[in-house]
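Structure first, commentary second.
Here's what the structure looks like:
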């Protein structure tokens, strides 16, 4: 299952981060890995805990380059992949602990703040954080 988030924010900051990603992808990659860990923890808290297998399947990989973009994948699934998709997408399911859209809701909420947090992680300073 893949949920893609597009970063939004200050155009000049985006330009600077894009230039940094082209010249030093490892710096942006390390910052993305750090943020993936933060977002993963929130996703785990929102993941339904019927058996615990889905919660324990969450993880993120190392950064990589694909078509000129620096990326990090956050994943849930493994043997419970079929269940991960059902819980994320199916309407009408109620959960005592956790929620539907446990990944998508976190991605949606993080979009407006992630750019500034990545800038802070790569040492761009307070100038960009308003």
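Numbering (this note's numbering), first residue to last: -3 to 126. A virtual CB, placed ideally from N, CA and C, is assigned to each residue, including glycine.
Comparing alpha carbon positions, the residue from 68, 82, 93 closest to residue 55 is 68. Between residue 118 and residue 23, the C-beta gap is smaller than 8 Å, which places the two residues in contact. In the structure shown, residue 99 adopts coil according to DSSP, grouped into three states. Setting aside the 5 residues that flank it on each side, residue 25 is surrounded in the same chain by 59, 66, each with a C-beta closer than 6 Å to its C-beta; the list follows chain order. A straight-line Cα-Cα distance of about 24 Å links residue 104 and residue 49. For the pair residue 108 and residue 33, the Cα-to-Cα distance works out to about 17 Å. It is roughly 10 Å from the alpha-carbon of residue 51 to the alpha-carbon of residue 94. Our two residues, residue 72 and residue 53, have alpha carbons roughly 5 Å apart in a direct line.
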